[in-house]
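I have placed the structure first, in the form of structure tokens, so that the comments after it can refer back to it.
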Amino acid sequence: MSDLHLPPIQPYHPTTFQERGVLVPFTTPLLGGTRARPAEKFGLDLVIPNPSGGPGVYILNWNSIDALCRPTIHDRQLSERIATIPSVAPSTIRRVAREVAAEGLAGEDARQAALNATDTDKNDRTVTNFLLLMRLIEQIGLFRDAGSGDPDMETRARLTVARIAPRIGRSPDWVATALEALGDVFSPIGVAGQPTQSRVPRLIALLRRTCADLTIWSRLQQQADQVAYVDMICSVAEHTLAIAETGIAQTHAMTANLPDLLMKWARDPDAIVRLAARPEWLLDGWDQICHIWDEATDDAASRAALIEIALLVPVLPREARDWADLELEADPKARWRRTIPLNEDWRTGGKVFELIARNERILAATC
Amino acid sequence: MADNATIQRATETRAIRHQVADAGDEKILRIVALLDEKSAPAGAQAILDPLRPRLAALRPPRPLRFERLLFMPFGSLVVPVLDWRPGKAVIPRSVLMAFGQTVRAGLGPAAADINRIIQDKTTHDTAAIMEAGEILWPGAATCLARTPAPIGWAATGLPDTVYADLARAIASVLRRAQDLRGMVRDAVIGATGPNEAALRRLFDGIAKESVEGCGMLVALLLEELPHAATHLRMLLAAGSGTPEWAILRQTMDRGVDDLLTQMEHPTGFDDKIRNAPLHEIGQEVARISALLRDIEAEADTAKHRPRLHAIRTKLDALCRQRFDTGLTERLVAPLASPTRAVDSAAQSGMETSVRDLRLLETAARDIGSAGHYRAQLEKATATVSAAAAAGILTPVRQVRLVELLAGPEAADALYRSLRTA
Numbered sequence: 000m001s002d003l004h005l006p007p008i009q010p011y012h013p014t015t016f017q018e019r020g021v022l023v024p025f026t027t028p029l030l031g032g033t034r035a036r037p038a039e040k041f042g043l044d045l046v047i048p049n050p051s052g053g054p055g056v057y058i059l060n061w062n063s064i065d066a067l068c069r070p071t072i073h074d075r076q077l078s079e080r081i082a083t084i085p086s087v088a089p090s091t092i093r094r095v096a097r098e099v100a101a102e103g104l105a106g107e108d109a110r111q112a113a114l115n116a117t118d119t120d121k122n123d124r125t126v127t128n129f130l131l132l133m134r135l136i137e138q139i140g141l142f143r144d145a146g147s148g149d150p151d152m153e154t155r156a157r158l159t160v161a162r163i164a165p166r167i168g169r170s171p172d173w174v175a176t177a178l179e180a181l182g183d184v185f186s187p188i189g190v191a192g193q194p195t196q197s198r199v200p201r202l203i204a205l206l207r208r209t210c211a212d213l214t215i216w217s218r219l220q221q222q223a224d225q226v227a228y229v230d231m232i233c234s235v236a237e238h239t240l241a242i243a244e245t246g247i248a249q250t251h252a253m254t255a256n257l258p259d260l261l262m263k264w265a266r267d268p269d270a271i272v273r274l275a276a277r278p279e280w281l282l283d284g285w286d287q288i289c290h291i292w293d294e295a296t297d298d299a300a301s302r303a304a305l306i307e308i309a310l311l312v313p314v315l316p317r318e319a320r321d322w323a324d325l326e327l328e329a330d331p332k333a334r335w336r337r338t339i340p341l342n343e344d345w346r347t348g349g350k351v352f353e354l355i356a357r358n359e360r361i362l363a364a365t366c
Numbered sequence: 000m001a002d003n004a005t006i007q008r009a010t011e012t013r014a015i016r017h018q019v020a021d022a023g024d025e026k027i028l029r030i031v032a033l034l035d036e037k038s039a040p041a042g043a044q045a046i047l048d049p050l051r052p053r054l055a056a057l058r059p060p061r062p063l064r065f066e067r068l069l070f071m072p073f074g075s076l077v078v079p080v081l082d083w084r085p086g087k088a089v090i091p092r093s094v095l096m097a098f099g100q101t102v103r104a105g106l107g108p109a110a111a112d113i114n115r116i117i118q119d120k121t122t123h124d125t126a127a128i129m130e131a132g133e134i135l136w137p138g139a140a141t142c143l144a145r146t147p148a149p150i151g152w153a154a155t156g157l158p159d160t161v162y163a164d165l166a167r168a169i170a171s172v173l174r175r176a177q178d179l180r181g182m183v184r185d186a187v188i189g190a191t192g193p194n195e196a197a198l199r200r201l202f203d204g205i206a207k208e209s210v211e212g213c214g215m216l217v218a219l220l221l222e223e224l225p226h227a228a229t230h231l232r233m234l235l236a237a238g239s240g241t242p243e244w245a246i247l248r249q250t251m252d253r254g255v256d257d258l259l260t261q262m263e264h265p266t267g268f269d270d271k272i273r274n275a276p277l278h279e280i281g282q283e284v285a286r287i288s289a290l291l292r293d294i295e296a297e298a299d300t301a302k303h304r305p306r307l308h309a310i311r312t313k314l315d316a317l318c319r320q321r322f323d324t325g326l327t328e329r330l331v332a333p334l335a336s337p338t339r340a341v342d343s344a345a346q347s348g349m350e351t352s353v354r355d356l357r358l359l360e361t362a363a364r365d366i367g368s369a370g371h372y373r374a375q376l377e378k379a380t381a382t383v384s385a386a387a388a389a390g391i392l393t394p395v396r397q398v399r400l401v402e403l404l405a406g407p408e409a410a411d412a413l414y415r416s417l418r419t420a
């Protein structure tokens, strides 16, 4: 990374998730771990991990990417399009990233993965919508004594919506639209008892598996540093998972009384959107970490991946503690004051081509 | 006197050796697979001996046998028996089986554990190699340091007096095999800096090792680790005056000399650069280039300068040749005479090849011919544009290939022009 015109390294102790920013899936090696967040006045900030492996980050104006390094064509387009979005959230960054990947700018696999992911999300939404509707029919109980298939599902749904609408003080059309909107909001985390896993539960399972792999691997390590890295990574991951699972449980609990949920939706939909989005904010950045670990195929590659991951572990903002009904100690990453011994030349020279290819594979896996 | 059957077998082996000497890569790989399947080490050795340099370049997966695993840490230090002399820091191939049997007997039940791990595995199964190596290498080092009575030594064709010195030298390397292997992989990945603690551990107690063992260790470091010479110099500077210092100084001088002699030889790196899989060449050239630079950086390098110059010239020519061939075969020819439009698999294949070629070119520019590579890449970019104009490539696939060949700025300009067109 050129050190011309670079601002000083700044401490990085975000108190909110907005301040932490959202990971942007750049493929340029020097931009690994970069986050986007709203700037103080207008536009966006780039939050770039200290490339020397020390604590702190570079915080730069969004348009400074070109001055920092030679971004790939994918990253140029991604940063241009992100600059135009009105709000930064994991879901919006993912949508833009998919659009760029679907064009093929990060390679054939990422293109296909982006197209598949859009289909998968669509299916998740359909399943969640259906389950919410089924739950509403069940909770209202108009057809408790009816035989199966009589009347058909469409009629049951229509009659149930018509029954509940006056209780909420809205029209049946409004209720139907609200149920669809709730399906969109809930689809990333799914609803309790959903037969197939939605994206967030899939990611939770992936992160649990990665932590288990890391722990097994670290038991075979003799160097205290490596064991300490694994401890720190798994500790932050466990905190994150605990809060994310609490968030999912809280959100799922709302569907136990759908008429009540619809009334809340009528009063303050943003509050429900915010609550349902918490697990995504919490887990933002962890899927890349899991796939960096998966890319390592032998012990030396695992050691290198571990160092890279230690640099990328998302800091848990203080806001996370307000989200959980759990007794949590302070963020273990915040106590981490070590310099991670990363070779600064690693992401330049001939290695760039290999690393871009790897980052494109990770992008395909995380679409 | 040999019986008729033996003479017949020897004649057949000679005939096969002649046939395979000129065989193409694919044929060689088929022969190796066939011989490995037959599991007839003695006959196979005679047939494979002339092909060893090409096999080293092609690196086909071979069954992970006990002896093969035992000698993995020695890399190119295993040589035909005719290239071996007492005191030379190399191992004659004919002793591998005897040492394997001796170690196997010395390890006792642990040998069975190793066999269980390596069963049905190949030389490409890194995890199995590491797992079994962790048991085998230190165990074998302890065993051979005691120089137990050898098993099957008569078949090596070498005098009994040679055994003890070789056993001790092999033990010196095996004792450090895991550290050495870890350092080499760290260097290949490049994410972490040099592990000085591991390097120090490598030379801990070196004064107690035999001269041959020391020589093998230095030769392996110089050959496998791009910046080994620098590290060794650092160690020398730190330990001036100690017994280790004298031994290291002497073995390093000899190691550098041997390595230069090896690189000057037509089989030095020529086969590897010409025949190794494309994805390995860039790394290999970067390693040789770093090594040459480090040797040049030595204070008393003047004596090596003419030799280094000749080696660089040879390496430069080989790199250009491999780059040009690779670019033509993997990109220019398929685009210039396509049978149909480039599909997803073909595009991914071309991108991988161009990436490997850029890795080679980035390393080769350090040796020379920067202008040649620039011109070749420009020509290839023109071919890509022509293919896109002919409808062979979609606009985005063209952009991707231009990015790899000419850089992201050129790709960005093209992308914008295509969007506004």
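As you go down the protein sequences, you meet chains P and G in turn.
Following numbering that gives the first Met the number 0, the numbering of the first sequence begins with 0 at its first residue and continues without gaps.
Following numbering that gives the first Met the number 0, the numbering of the second sequence begins with 0 at its first residue and continues without gaps.
Just so you know, even glycine gets a beta-carbon here, dropped at the ideal spot from N, CA and C.
1) For chain G, check one thing: does any of its Cβ atoms lie closer than 7 Å to the Cβ of Asp118(P)?
2) Residues of chain G with CB under 8 Å from Asn342(P), in chain order?
3) My understanding is that Arg383(G) touches Leu334(G), with C-beta atoms under 8 Å, so please give their C-beta distance in whole angstroms.
4) Which value, in whole angstroms, describes the spacing of the CA atoms of Gly151(G) and Leu240(P)?
5) Below 7 Å on C-beta distance, what does Lys350(P) contact in chain G?
6) Just mark Asn358(P) as buried or exposed, buried being the case when its beta carbon has 16 or more other beta carbons within 10 Å.
7) Please classify Ala363(P) as buried or exposed, where buried requires at least 16 neighbouring CB atoms within 10 angstroms.
8) Can you tell me whether Arg286(G) is helix, strand or coil according to DSSP?
9) According to DSSP, is Ser1(P) helix, strand or coil?
10) Please give the ranges of any beta strand (DSSP E) in the region 187-260 of chain P, keeping only runs that are unbroken, at least 3 residues long and fully inside the region.
11) With a threshold of 16 other CB atoms inside 10 Å of the CB of Ile188(G), please say whether the residue is buried or exposed.
12) Look up Tyr11(P) in the DSSP assignment and say whether it is helix, strand or coil.
13) Would you please state the rounded distance, in angstroms, between the beta carbons of Leu76(G) and Thr122(G)? I believe it to be under 8 Å.
14) Residues of chain P with a CB under 8 Å from the CB of Tyr162(G): which are they?
15) Enumerated in chain order, which unbroken segments of the alpha helix (DSSP H) with a length of 4 residues or greater are wholly contained in the region 308-389 of chain G?
16) Near Cys233(P), what residues of its chain come up, given a Cβ to Cβ distance below 7 Å and the 5 sequence neighbours on each side ignored?
17) Counting C-beta neighbours from all protein chains within 10 Å, is the total for Ala177(P) 16 or more, i.e. buried, or is it exposed?
18) Are there 16 or more other CB atoms within 10 angstroms of the CB of Glu107(P), so buried, or fewer, so exposed?
19) Verify the CB distance criterion: does Trp61(P) have a CB-CB separation below 7 Å to chain G?
20) Name, please, each residue of chain G whose Cβ falls closer than 9 Å to the Cβ of Arg69(P).
21) Expressed to the nearest angstrom, what Euclidean distance is found between the alpha-carbon atoms of Gly99(G) and Ala218(G)?
22) Find the nearest neighbour of Arg110(P) within the set Ala236(P), Arg97(P), Ala303(P), judged by alpha-carbon distance.
23) Tell me, to the nearest whole angstrom, how far the beta carbon of Ala421(G) is from that of Glu263(G); I am working on the premise that it is less than 8 Å.
24) Is the separation between the beta-carbon of Arg354(G) and that of Phe352(P) shorter than 7 Å?
25) Cα separation between Ala248(P) and Arg67(G)?
26) For Thr122(G), which residues in chain P fall below 7 Å Cβ to Cβ?
27) If you measure beta-carbon to beta-carbon, which residues of the region 247-268 of chain G are closer than 9 Å to chain P?
28) What does the alpha-carbon distance come out to for the pair Pro394(G) and Ile308(P)?
29) Give the single residue among Ala304(P), Gly42(P), Asp120(P) whose Cα lies nearest to the Cα of Glu201(P).
30) What separation, rounded to the nearest whole angstrom, lies between the Cα atoms of Asp269(G) and Ala316(G)?
31) Quick one: complete beta strand (DSSP E) runs, 3+ long, within the region 68-107 of chain G?
32) At 8 Å on the CB atoms, spell out the chain P contacts of Gln487(G), in chain order.
33) Alpha carbon to alpha carbon, how far is Arg36(P) from Gly52(P)? Give it in angstroms, no decimals.
34) Chain P partners of Tyr414(G), CB-CB under 9 Å?
35) Hey, does Ser343(G) have any beta-carbon neighbour from chain P nearer than 7 Å?
36) Please determine, among Gly140(P), Gln17(P), Arg198(P), the residue with the shortest C-alpha to C-alpha distance to Val46(P).
So, to answer that:
1) Numbered from 1 along the first sequence, position 119 holds the residue referred to as residue 118(P). So, not an interface residue.
2) Start at 1 with the first residue of the first sequence, and residue 342(P) comes out as number 343. Here the neighbours are Gly189, Ala190, Thr191, Gly192.
3) The count along the second sequence starts at 1 and reaches residue 383(G) at position 384. The count along the second sequence starts at 1 and reaches residue 334(G) at position 335. Position check: residue 383(G) holds Val in this sequence, whereas Arg was assumed. The Cβ separation is near 7 Å, so the contact holds.
4) Here residue 151(G) refers to the residue found at position 152 when the second sequence is read from its first residue. Here residue 240(P) refers to the residue found at position 241 when the first sequence is read from its first residue. Distance between the alpha carbons of Gly151(G) and Leu240(P) is about 60 Å.
5) Taking the first residue of the first sequence as 1, we reach residue 350(P) at position 351. Under the 7 Å cutoff, chain G gives Gly189.
6) Position 359 of the first sequence holds residue 358(P). Flag for Asn358(P) reads buried.
7) Taking the first sequence and counting its residues from 1, the one referred to as residue 363(P) is at position 364. So Ala363(P) ends up on the buried side.
8) Counted from its first residue, the second sequence places residue 286(G) at position 287. Of the three classes helix, strand and coil, the one that applies to Arg286(G) here is helix, per DSSP.
9) In the first sequence, residue 1(P) corresponds to position 2, counting from 1. Caution applies to Ser1(P), whose pLDDT of 49 falls short of 50 and renders its modelled position unreliable; the value that the coordinates give is listed next. Correct three-state label for Ser1(P): coil.
10) none
11) The residue given as residue 188(G) occupies position 189 in the second sequence. The residue is buried, with at least 16 neighbouring Cβ atoms inside 10 Å.
12) Residue mapping note: residue 11(P) aligns to position 12 of the first sequence, counting from 1. Looking at Tyr11(P) - three-state DSSP - the assignment turns out to be coil, as it is neither helix nor strand.
13) One-based indexing of the second sequence puts residue 76(G) at position 77. One-based indexing of the second sequence puts residue 122(G) at position 123. Actually they do not touch by this definition, with Cβ atoms about 17 Å apart.
14) Working through the second sequence from its first residue, we reach residue 162(G) at position 163. Result: empty, since nearest Cβ-Cβ is about 33 Å, beyond 8 Å.
15) Fully enclosed alpha helix (DSSP H) runs of 4 or longer: 332-335, 343-364, 369-388.
16) As a first step, residue 233(P) must be located in the first sequence, where it is residue number 234. Once the five neighbours on either side are set aside, the close Cβ partners of Cys233(P) are Cys210, Leu213, Thr214.
17) Counting from 1 along the first sequence, the entry for residue 177(P) is found at position 178. Under this definition Ala177(P) is a buried residue.
18) One-based indexing of the first sequence puts residue 107(P) at position 108. Label assigned to Glu107(P): buried.
19) Taking the first residue of the first sequence as 1, we reach residue 61(P) at position 62. Output row for Trp61(P): interface = no.
20) Here residue 69(P) refers to the residue found at position 70 of the first sequence. Gly406, Pro407, Glu408, listed in chain order.
21) Walking along the second sequence from the start, residue 99(G) turns up at place 100. Walking along the second sequence from the start, residue 218(G) turns up at place 219. Computed Cα separation, rounded: 22 Å.
22) In the first sequence, counting from the first residue as 1, residue 110(P) sits at position 111. For the residues Ala236(P), Arg97(P), Ala303(P), the minimum Cα distance to Arg110(P) belongs to Arg97(P).
23) With chain G covering 0 to 420 only, the question about residue 421(G) has no answer from this structure.
24) Counting from one through the second sequence, the residue named residue 354(G) turns up at place 355. Counting from one through the first sequence, the residue named residue 352(P) turns up at place 353. In this structure, Phe352(P) lies closer than 7 Å to Arg354(G) by Cβ.
25) Reading the first sequence from its first residue, position 249 is the one you call residue 248(P). Reading the second sequence from its first residue, position 68 is the one you call residue 67(G). Rounded to the nearest angstrom, the two C-alpha atoms are 55 Å apart.
26) By one-based count along the second sequence, residue 122(G) stands at place 123. The premise fails here: Thr122(G) is roughly 13 Å from chain P at the closest Cβ pair, so nothing lies under 7 Å.
27) none
28) Here residue 394(G) refers to the residue found at position 395 when the second sequence is read from its first residue. Here residue 308(P) refers to the residue found at position 309 when the first sequence is read from its first residue. So the alpha carbons of these two residues sit roughly 36 Å apart.
29) Locating residue 201(P) in the first sequence gives position 202, counting from the first residue. The sequence given here places Arg at residue 201(P); Glu does not occur at that position. The shortest Cα separation from Arg201(P) among Ala304(P), Gly42(P), Asp120(P) belongs to Asp120(P).
30) On the second sequence, position 270 is the one that residue 269(G) refers to. On the second sequence, position 317 is the one that residue 316(G) refers to. When rounded, the distance between both Cα atoms is 10 Å.
31) none
32) No statement about residue 487(G) is possible, as the shown extent of chain G runs from 0 to 420 and does not include it.
33) What you label residue 52(P) is simply residue 53 of the first sequence in a count that begins at 1. What you label residue 36(P) is simply residue 37 of the first sequence in a count that begins at 1. Rounded to whole angstroms, Gly52(P) to Arg36(P) spans 21 Å at the Cα level.
34) As a working mapping, residue 414(G) is identified with position 415 in the second sequence. Residues of chain P passing the Cβ test: Ile72, Arg75, Gln76, Leu104.
35) Here residue 343(G) refers to the residue found at position 344 when the second sequence is read from its first residue. Answer yes: the Cβ-Cβ gap between Ser343(G) and chain P drops below 7 Å somewhere.
36) Translated into the one-based positions of the first sequence, residue 46(P) becomes position 47. Here the closest residue by C-alpha is Gln17(P).
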